[in-house]
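Q:
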Amino acid sequence: PAVEAIMLAGFDDKSNPLGSKGVGELGICAAGAAVANAIYNACGVRVRDYPITPDKILSGFLRPNLAQKR
4 PAVEAIMLAG FDDKSNPLGS KGVGELGICA AGAAVANAIY NACGVRVRDY PITPDKILSG
64 FLRPNLAQKR
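Take 4 as the starting number for the sequence shown in my numbering and just add one per residue.
Here is the structure:
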């Protein structure tokens, strides 16, 4: 489909407390959750805190009550 890009003439620097602007940050927010879900889909271990480390994944295998099997 055709996409029309619209250029804005100005920027309201009072639109947020820092006066910052950004476009690409939203895609970064879901990356951690996507990795955690990929680990769960691959091995059935749910990791709920960051950083995701091999020790946390292996502890899910060693302590089955922490692993949520599908």
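Built from N, CA and C at the ideal position, the CB exists for glycine as well.
Need the endpoints of the alpha helix (DSSP H) that ASN19 sits in, please.
A: Unbroken run through ASN19: none, as it is neither H nor E.
Q: Decide if the region 31-42 is in contact with the region 53-62; the criterion is three or more beta carbon pairs, one per stretch, under 8 Å apart.
A: At 8 Å Cβ cutoff, the stretches touch.
Q: For LEU61, would you say it is in contact with chain B, using Cβ-to-Cβ distances shorter than 8 Å as the test?
A: Protein chains in the displayed structure number just one, and chain B is not present.
Q: For the alpha helix (DSSP H) that contains GLY63, what are its first and last residues?
A: Unbroken alpha helix (DSSP H) run through GLY63: 57-65.
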